[in-house]
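Q: As they're listed, the protein sequences go chains A and B.
Residues in the first sequence are numbered consecutively from 1, following my numbering.
Residues in the second sequence are numbered consecutively from 429, following my numbering.
Don't be surprised by glycine CBs; every beta carbon is placed ideally from N, CA and C.
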Amino acid sequence: MKGSHTYRNIRPALAKHKSLKRCLRALVFLVIIALLAPVLANDKPLVCRYQNTWLFPALSWKRTVVAGDTSLNYNMGKDWKYLDADIILFPPCAWSPTTLDADNAPRKSPFDKQWFSLGHGNTAPLPLAYRHWLGTTQNGQDVLSILIHGTAIAIGIGFASMLIAALIGVSLGAFAGYFSNNGLRLGPLQILALLAGIFFTYFYCCVIRGYKLAEAFNDGGIWLILRLLFLCYVALKTIGGMVWIAGYMERKLRIPYRFRFPLDTLVSKSIELLNSVPSLLLIIALSAFARPSYSLLIIIMGLLSWTIIARITRAEYLKAKNLEYVIAAKALGMKNRRILFRHILPNVMPLILTQLVFGMGSAVLAEASLSFLGIGIPLESASWGSLLNEGRDHFSSWWLVVFPGACLCLLMLLYNKTATELSGFRNS
Amino acid sequence: MLEYILKRLLWFIPTLLLVTLLGFLLLVSAPGDPLDQLVPALSMKDAEEYRSQRAYWSKQLGLDLPVFYVSVKTWAEPDTLYKIQDQEKRKAYENLLRQTGNAELVSAYFDCIRQSRQAYEQRLSLEKEKFPEHYPRYKSRLNAIAADLRSLEISGDSSMQHALLAKLKKDEAAFYMEPPSFSAAIENSLRQLKANRTRYKNYIPKISWYGRHNRYHLWLFGDGSSKGVIRGDFGISYTHKQPVLAVISDKVIWSLFFSVLSIVLAYLVSIPIGIRLAQRPHTPVNRLVQAGLFLLYSTPVFFGGVLLLMLFANPDVLSIFPPSGIKPIGGYNDDAGLLEKCADSLPYLVLPLICYTYSSLSYISRLTQTSIMEQLPLDYIKTARAKGLSDGAVIRKHALKNSLLPLITVFSTVFPSIIGGSVIIESIFTIPGMGQETVRAIVSKDYPVVIAIITLSCLLTMLSYLVADILYAWADPRIRHKS
């Protein structure tokens, strides 16, 4: 295993930091809840034996299935509870966030009597297995189910947007700090190649195929982020390749001129510029432009929040490049890339992680604020913020405010605590 | 010092241009046609007036001009594409252009459709005059032809075009007398277009220069009728049909009031707390306070706000404060003085102020605490202690001054938030400030207002960074001399 030695000391160090370990465990627990959300809260049963066929509806992506001599619609929502099955086992919370339970429709409290209609106008008390433990919303959605599925949204958005932010921030910050303004020198051909590369990638991606880009943004979807990342990777590789070829030609042609590339100034100034953009306002405005989707939200938040990571990474690399181990690595003739990402990065990792965790917190907050305002998020989404939004119109329904609010508070506390502990982890 | 400030000011100019560019980019890429919002089709009785109104606003907004000084296009794209105002038609045009790469013939094709529509309109009026008694019977068929022509105009997909042409032919054939042969001409021009494809032109870049007569220049510097962003004219609000600044200026006052008052309150409360916490961080009470502050810091402001409303403005629990607004319903009494007005408004201000204050309060006290604690182990503090100063005097007279630097940064972030306002708090408590105006503008797609707010708040942030930097340089000679 190459390079793993740099992280070998983490386990014993973590053992010393009990509270950090606890925070990380709690985070892992939340991630597990988010991942298991379809099994924990679903209106489809986990296991069902119907007409001598074993079915696992909660784990299936199918729409319909043929069992015995009838065809079952998997998305029948509440009707699963009326199914005449031999064996049926529901998840702990027997409702999906989208299922509307008309019997308990306008906002049933957790302590209210809940009902279950049997047809022909007869109703019975709701069986405990189907109970809405944390009450229902205006339309009869289950609050607990929304909370469980909202965990995936809250955590997923934080992780994904910070992934983008980290990719941009760490690489830009590292290059800016390590090379600063006079480390990178380009020959005239290379500058030409750089400009031409930028122009032609822009021309190809935004002019010739611009309509595809616009379509993708309007579509949203999970693949948008990966497609964009791949596009950026190919574009950067193309530009890099052109510059490399130009450098090769310069060496062959023996062109002696070299110009300093003001990388540090460029990065610092763009950080300053982006920092002055009011991010929540911009997110709201931008999501009013395109069809709102979580992918779009993640991309915008990633693009707006890399600056803080870049600033810290830059400062650390600026310090690190004059330290002995870096000079030693240079003297050994190691490549810049190896020094940058194998030698310096592990040393500044805790600091970057601290910022990333803080950033995840603010991403969660931004998403919740948007869904609280009801702008810029997909309409059908069921997140913690949208519950709060409903609760603010109905003060008597305290469960719509207290439970999602407590979840948000806890998650923010966890993130803030983890970040604080992480910064302490670095100092020791 | 002077050199430092001058240098910062010089850097201010390109960033200013970039910020306005960002704002303009947002404005241009906003979806929908601004003309549709300014001139609603339903409100106009007269088609002639509708058209003239549209033309007037189009001229006012400079929609007939190119977007920017330069543009990068493909070789196939004609220079005058931006002149097609109809969004759907433009999309079809672009689509067809991508398939064929021959702008001349694409234009000819669209011209052909347009001429057909004109001919059709003539025919329609002729029918109406000549056979008024038959007209109602054939009106629906004639309208079917009109609909076909329109959908042909906005479809860029080739299979769709063929289907539409076939339908057009059928509709024409169903006409009671000699069919006007629109379809033949259109089909012919389409065939010509398909035969003369020059798709390679789609892959050759073309850079064109438009000079000063473009929308960005007009927007930024203005011309005869508008003054331009640079002189504070952000255009006309689509919904109010008033200058944007006039719309905004009423709202700023409330956001200003809450931001300034809350930050002053937060400083007044949190600096003493921070000092106390820094002095003895490990006493049980102080630990409790720290935990409380941490909890406050982690409480999202919208949860805090709704919780406050639920507890203190709820008839079921406690109804101490009114739930929304900033003044009594029906306004103040006419003869009320300023003092009475304040007294009337006071209950409305308590909850929003708490909400505004609490998150910055916990942040600032933590900041004060940590920055004082960073100073405490330093030599000059030891010297002060050795001189025999009391703990309080050491902190007040020596440590506090040096730990104020990070607090300058926090203070400088207040001013930008005046323009942005607090979107969330203002919409929870229905305060008529900038935040609520922003939400209104976004929901009703009033883009000039949105862009003005974003651009202004960018500018204010840049300005406050500038002020903070100058303050830093003034307070700390090390910063001045390093640059």
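Which residues in chain B sit within 8 Å of F289 of chain A, going by Cβ to Cβ distance?
A: L454, S457, A458 and P459
Q: Helix, strand or coil: how does DSSP classify R63 of chain A here?
A: The three-state reading of DSSP puts R63 of chain A in coil, since its state is none of H, G, I, E or B.
Q: For chain A, check one thing: does any of its Cβ atoms lie closer than 9 Å to the Cβ of T626 of chain B?
A: Closer than 9 Å: no.
Q: Residues in the same chain with beta-carbon distance under 6 Å from G786 of chain B, minus the five sequence neighbours each way, listed in chain order, please.
A: Position check: residue 786 of chain B holds Tyr in this sequence, whereas Gly was assumed. Here the set comprises L724.
Q: Can you list the residues of chain B that W398 of chain A reaches, using a CB-CB cut of under 7 Å?
A: M738
Q: Compute the minimum distance between the beta carbon of A903 of chain B and the heavy atoms of the ligand GDP, and state whether it is under 8 Å.
A: The ligand GDP is not part of the structure shown, which contains no ligands of any sort.
Q: Could you tell me which residues DSSP pairs with T53 of chain A in its beta bridges?
A: A:Y50
Q: What are the uninterrupted segments assigned as beta strand (DSSP E) that are 3 or more residues long and contained completely in the stretch 341-426 of chain A, given in chain order?
A: none
Q: Would S295 of chain A and I375 of chain A be called neighbours here (beta carbons separated by less than 9 Å)?
A: no
Q: Alpha carbon to alpha carbon, how far is V675 of chain B from K321 of chain A? Give it in angstroms, no decimals.
A: 53 Å
Q: Could you spell out the range, first to last residue, of the beta strand (DSSP E) harbouring P860 of chain B?
A: Unbroken run through P860 of chain B: none, as it is neither H nor E.
Q: Once the 5 residues before and after T667 of chain B are set aside, which same chain residues still bring their CB inside 7 Å of it?
A: S872 and D874
Q: Among A:A382, A:R209 and A:H17, whose alpha-carbon lies nearest the alpha-carbon of V143 of chain A?
A: A:A382
Q: State yes or no: is the beta carbon of L351 of chain A nearer than 9 Å to at least one beta carbon in chain B?
A: Taking Cβ atoms only, chain B never reaches closer than 9 Å to L351 of chain A, which makes this a no.
Q: In the DSSP assignment, what are the bridge partners of P633 of chain B?
A: The partner list for P633 of chain B (beta bridge, DSSP) reads B:T502.
Q: Just the Cα atoms here: how many angstroms apart are A602 of chain B and Q543 of chain B?
A: 21 Å
Q: Give the straight-line distance between the Cα atoms of I339 of chain A and L30 of chain A, rounded to the nearest whole angstrom.
A: Each residue's Cα considered, the two are about 35 Å apart.
Q: Where does G119 of chain A fall in DSSP's three states?
A: G119 of chain A: strand per DSSP, three-state reduction.
Q: With 8 Å as the limit, tell me which residues of the stretch 365-376 of chain A have their beta carbon closer than that to any beta carbon of chain B; keep them in chain order.
A: Flagged, chain order: L365, A368, S369, F372, L373 and I375.
Q: If contacts are defined as beta-carbon pairs under 8 Å, then L835 of chain B and T811 of chain B qualify, I think. What distance do you get, rounded to the angstrom?
A: The pair is not a contact, with the Cβ atoms about 24 Å apart (cut-off 8 Å).
Q: Report the rounded CA-to-CA distance for P350 of chain A versus R813 of chain B, giving the unit in angstroms.
A: 36 Å
Q: Any beta-carbon of chain B closer than 9 Å to the one on K18 of chain A?
A: no
Q: Closer than 8 Å is the cut-off here; do at least three beta carbon pairs connect the stretch 610-621 of chain B with the stretch 479-492 of chain B?
A: no
Q: Assuming S369 of chain A and N389 of chain A form a contact by the criterion Cβ under 8 Å, report the distance between their Cβ atoms to the nearest whole angstrom.
A: So it is not a contact: roughly 10 Å between Cβ atoms.
Q: If I measure Cβ to Cβ from K2 of chain A and keep anything under 6 Å in the same chain, skipping five residues before and after, which residues do I get?
A: Unreliable positioning characterises K2 of chain A in this predicted model, as indicated by a pLDDT of 43, which lies under 50. A coordinate reading is not provided.
Q: When DSSP labels each residue in this structure, what does F686 of chain B get in the three-state scheme?
A: helix
Q: Which chain B residues sit within Cβ distance under 7 Å of A285 of chain A?
A: L454, I870, V878 and I882
Q: Looking at T313 of chain A and N429 of chain A, is the spacing between their C-beta atoms short of 9 Å?
A: The structure shown does not extend to residue 429 of chain A, since chain A spans only 1 to 428, so no value can be given for it.
Q: How many angstroms separate the CA atom of A419 of chain A from the CA atom of P12 of chain A?
A: 19 Å
Q: Quick check on the DSSP output: what are the complete alpha helix (DSSP H) runs of length 4 or more inside the stretch 310-337 of chain A, in order along the chain?
A: Look at the stretch 310-337 of chain A and you find these whole runs of alpha helix (DSSP H), each 4 residues long or longer: 324-331.
Q: Output the distance between the C-alpha atoms of A285 of chain A and P743 of chain B, rounded to the nearest integer angstrom.
A: Approximately 36 Å between the Cα atoms of the pair.
Q: For I433 of chain B and W647 of chain B, what's the separation of their Cα atoms in angstroms?
A: 29 Å
Q: Would you mind reading off the limits of the beta strand (DSSP E) that contains S71 of chain A?
A: T70 to N73
Q: Shortest alpha-carbon distance to L253 of chain A belongs to which of A:F358, A:L189 and A:L411?
A: A:L189
Q: Would you call the CB atoms of R436 of chain B and L899 of chain B closer than 9 Å?
A: In this structure, L899 of chain B does not lie closer than 9 Å to R436 of chain B by Cβ.
Q: If we count the other Cβ atoms within 10 Å of its Cβ and call it buried at 16 or more, is Y415 of chain A buried or exposed?
A: buried
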